[in-house]
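Notes to accompany the following structure.
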Amino acid sequence: MPELDSAARPSSRAHLDRYARWAGLAAGFLVARLLSPLTDGDGILYAIPAFGLCAVAGVLVGDALTGPRRGAVRTAGLTPRRVRDYVPPRMTWLLLGLAAALVLTLTVATAVASPDDLGRVGRALTLTCRGTTDSASPWPGSFYAVPILSCLAVSTVACGWSLRRIATRPGDDRSRRDRTLAIVAAWGLVVSTSLLGVASTASGALMSTTCDGTPGTIANWALWPLALVSLLVAPWCLFTVASPRTGSAGPGNQAGRTEGR
326 MPELDSAARP
336 SSRAHLDRYA
346 RWAGLAAGFL
356 VARLLSPLTD
366 GDGILYAIPA
376 FGLCAVAGVL
386 VGDALTGPRR
396 GAVRTAGLTP
406 RRVRDYVPPR
416 MTWLLLGLAA
426 ALVLTLTVAT
436 AVASPDDLGR
446 VGRALTLTCR
456 GTTDSASPWP
466 GSFYAVPILS
476 CLAVSTVACG
486 WSLRRIATRP
496 GDDRSRRDRT
506 LAIVAAWGLV
516 VSTSLLGVAS
526 TASGALMSTT
536 CDGTPGTIAN
546 WALWPLALVS
556 LLVAPWCLFT
566 VASPRTGSAG
576 PGNQAGRTEG
586 R
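Using this note's numbering, you'd call the opening residue of the sequence shown number 326 and step up by one each time.
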C-alpha cells in the first residue's frame with residue numbers, strides 16, 4: 326500500500342543518515358589511530374584535524390543521501406530563507422570565536438617558530454636567555470599549521486555550502502534546523518579538537534622551557550582557557566553528530582507537510 330511505503334521511508338532514511346555519520350566517525354577514529362603513532366609528536370597534531378574532517382564528511386554524506394522527500398503539497402514562501410535563520414546562534418558564535426582563536430594561535434606560533442634539530446622549519450620554539458639557548462618541540466608552527474589550517478579551510482567551505490543548500494532546498498523548518506545543527510556540530514568538531522591539540526601542544530612546549538619568561542606565562546594564561554573551552558565543546562559536538570535528531574523525519578511529520586522553496 327502506498328501509505329505504508331510512505332511511512333516506512335522516513336525511518337529508513339533516518340537510519341541511513343545515522344549510519345553515514347557513524348561511518349564518518351569510525352573512519353575518523355581509524356585514520357587518527359593510524360596517524361597517532363607517528364614519532365616526535367607529529368601524529369596527534371595530524372590525527373586530530375583528520376578525525377574532525379572525517380566526521381564532517383560523514384555528516385555531509387548523510388545529508389546528501391537523506392535529503393527531504395518531495396511531497397505532493399508545495400507552496401512558495403515570499404520571504405527568502407537565510408542560513409542564519411537556522412543555525413544555533415550562541416553555539417555558532419562560540420565556534421566562530423574558537424576558530425578565530427585557532428587561526429590567531431597558529432599565526433603567532435608560526436611567527437615565532439624555528440627549525441628543529443633536524444632542520445624541519447616551523448616545528449620548534451627556540452629561545453635564548455642568560456647566554457644559553459633552549460629549544461622545545463613539537464611546536465605548532467608552520468610545520469603543523471599548514472595541514473591544520475588546510476583541514477579547517479576545506480571543512481569550512483564544505484559546511485558553508487551545505488548550510489546554504491539546506492536553507493534553500495524544499496523541506497520543513499524543523500528538518501532544516503536539525504540538519505543545520507548537525508553541520509554546525511561537525512564543523513565545531515574540527516575547530517574544537519584542533520584548537521585543543523594546538524593549545525595543549527603550545528602550552529606544553531612553553532612549560533618545558535626555562536627562557537619563556539613573562540611572555541610565556543601570559544601565553545599560557547591565554548592557552549589554558551582555550552584548551553578548557555575546547556575540551557568542553559568537543560564532546561557536545563561529538564554527541565550531536567553521533568546522535569542525530571530523527572523527529573523531523575518521522576512518519577507523523579510527513580502527512581500534510583507543506584514544503585517551501
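The beta carbon of each residue, even a glycine, is placed where N, CA and C say it ideally should be. These numbers come from a predicted model, not from an experiment.
Exercise for the section: Classify A397 as buried or exposed, calling it buried when 16 or more other Cβ atoms lie within 10 Å of its own Cβ. Expected result: Counting from one through the sequence shown, the residue named residue 397 turns up at place 72. With a pLDDT of 46 at A397, under the threshold of 50, the modelled position of this residue cannot be trusted; read the value that follows with caution. Exposed is the call here.
Problem - Complete beta strand (DSSP E) runs within the region 412-500 (minimum length 3 residues, chain order) - result: Runs of the beta strand (DSSP E) inside the region 412-500: 450-454, 457-461.
Problem - Proximity test, Cβ basis, 8 Å: A552 and chain B - result: Considering every chain present, this structure includes no chain B. It has just one protein chain.
Exercise for the section: Count the other C-beta atoms from every protein chain shown that fall within 10 angstroms of the C-beta of L557, then say buried if there are 16 or more, exposed otherwise. Expected result: Reading the sequence shown from its first residue, position 232 is the one you call residue 557. Result: exposed.
Handout entry: P414: CB within 7 Å of a non-hydrogen atom of the ligand MN
Key = Ligands in the displayed structure: none, and consequently the ligand MN is not present.
Handout entry: Check whether V515 and G377 have beta carbons under 8 Å apart
Key = Mapped onto the sequence shown, residue 515 falls at position 190. Mapped onto the sequence shown, residue 377 falls at position 52. Less than 8 Å separates the beta-carbon of V515 from that of G377.
Handout entry: For R406, three-class secondary structure by DSSP
Key = For this step, residue 406 is matched to residue 81 along the sequence shown. R406: coil per DSSP, three-state reduction.
Problem - Span of the alpha helix (DSSP H), counted from its first residue to its last, around P569 - result: Looking up residue 569 in the sequence shown gives position 244. DSSP places P569 in no alpha helix (DSSP H); its state is neither H nor E.
Practice task
Output the distance between the C-alpha atoms of A339 and D410, rounded to the nearest integer angstrom.
Solution key: Taking the sequence shown and counting its residues from 1, the one referred to as residue 339 is at position 14. Taking the sequence shown and counting its residues from 1, the one referred to as residue 410 is at position 85. Approximately 23 Å between the Cα atoms of the pair.
Problem - Inter-residue spacing [alpha-carbon to alpha-carbon] between T565 and S500 - result: As a first step, residue 565 is located in the sequence shown; it is residue number 240 there, counting from the start. As a first step, residue 500 is located in the sequence shown; it is residue number 175 there, counting from the start. Roughly 15 Å between the two C-alpha positions.
Problem - CA-to-CA distance, P550 to L390, given in whole angstroms - result: Translated into positions along the sequence shown, residue 390 becomes position 65. Translated into positions along the sequence shown, residue 550 becomes position 225. Cα atoms of L390 and P550: separation of roughly 39 Å, rounded to the nearest angstrom.
Problem - D537 (DSSP reduced to helix, strand or coil) - result: For the purposes of this step, residue 537 is taken as the residue at position 212 of the sequence shown. Coil.
Practice task
Decide if D498 is buried, meaning its Cβ has at least 16 other Cβ atoms within 10 Å, or exposed.
Solution key: As a working note, residue 498 is residue 173 in the sequence shown. So D498 ends up on the exposed side.
Handout entry: Coarse secondary structure for S555, derived from DSSP in three states
Key = Here residue 555 is taken as the residue at index 230 of the sequence shown, counted from 1. The answer is helix: DSSP assigns S555 an H, G or I state.
Problem - From R415, L350, L443, C476, residue whose alpha carbon lies closest to that of L427 - result: Here residue 427 corresponds to residue number 102 of the sequence shown, with the count starting at 1. For the residues R415, L350, L443, C476, the minimum Cα distance to L427 belongs to C476.
Exercise for the section: Count the other C-beta atoms from every protein chain shown that fall within 10 angstroms of the C-beta of G447, then say buried if there are 16 or more, exposed otherwise. Expected result: Against the sequence shown, residue 447 aligns to sequence position 122. The residue is buried, with at least 16 neighbouring Cβ atoms inside 10 Å.
Practice task
Report the residue from W512, R343, V412 whose alpha carbon sits nearest the alpha carbon of P374.
Solution key: Within the sequence shown, residue 374 is the residue found at index 49, counting from 1. The shortest C-alpha separation from P374 is found at W512.
Practice task
Find the nearest neighbour of T453 within the set T535, T539, R343, S555, judged by alpha-carbon distance.
Solution key: Working through the sequence shown from its first residue, we reach residue 453 at position 128. For the residues T535, T539, R343, S555, the minimum Cα distance to T453 belongs to T535.
Handout entry: Spatial distance of G538 from N545 (CA atoms)
Key = Within the sequence shown, the letter at position 213 stands for residue 538. Within the sequence shown, the letter at position 220 stands for residue 545. Across the structure, G538 and N545 are spaced so that their CA atoms are roughly 11 Å apart.
Exercise for the section: Reducing DSSP to helix, strand and coil, say where S528 ends up. Expected result: On the sequence shown, position 203 is the one that residue 528 refers to. Reduced to three states, the DSSP call for S528 is helix.
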